[in-house]
Amino acid sequence: MRKQRHDIENVSFCPMECTLDVMGGKWKSVILYRLLDGPKRFGELGRLLCNITQRTLTQQLRELEADGLVIRTVYPEVPPRVDYRLSALGLSLEPILTSLLEWGRAYLVAPPQASMKVQDGARL
């Protein structure tokens, strides 16, 4: 269950904790990254994000919308058309998301080796 950041007793004043709460988790950063290319419909996002369930995608999009990072637009058409795009606040994350992508690429190519062996909790 997501904590309510707007409850004054639960507000964290740690900027890192706040950032990770808003864009952390398995899917949020990936959703934000995919939306950097422009608006996407729900089904398109689902296809781009392999292995995400519809329920999880719906929940993550709602949270990103509530946090002001994503804008949901419903068009008055039949059948209804809905798309999602980054808000100005969401777009401000572009350099961060790009840096995360670059770090991930480098890590996948050459993951670091452990500097020390650990056996049964003791360094060898």
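Under this note's numbering, the residue at position 24 of the sequence shown is numbered 365, and the numbers go up by one with no gaps. Glycine included, each C-beta is placed from N, C-alpha and C at the ideal position.
| Check | Outcome |
| --- | --- |
| Roughly how many angstroms separate the alpha carbons of ARG388 and PRO356, rounded to a whole number? | 33 Å |
| What number of angstroms, rounded off, separates the C-alpha of SER440 from the C-alpha of LEU398? | 24 Å |
| Can you tell me the Cα-Cα spacing of PRO417 and GLU358, whole angstroms? | 39 Å |
| Exposed or buried, which one is GLU467 when buried takes at least 16 other CB atoms within 10 Å? | Residue 467 falls outside the range modelled here, since the chain spans only 342 to 465, and no answer is possible. |
| Are the beta-carbon atoms of LEU361 and GLY431 separated by less than 8 Å? | no |
| In three-state terms, what does DSSP make of ASP362? | helix |
| What are the start and end residues of the alpha helix (DSSP H) that includes ASN399? | First, the residue type needs correcting, since residue 399 is Thr and not Asn in the sequence shown. Where THR399 is concerned, the enclosing alpha helix (DSSP H) stretches over 395–407. |
| Determine the extent of the alpha helix (DSSP H) in which VAL371 is found, giving its start and end residues. | 369–376 |
| Compute the Euclidean distance between the alpha carbons of ARG422 and ARG403, then round it to the nearest angstrom. | 17 Å |
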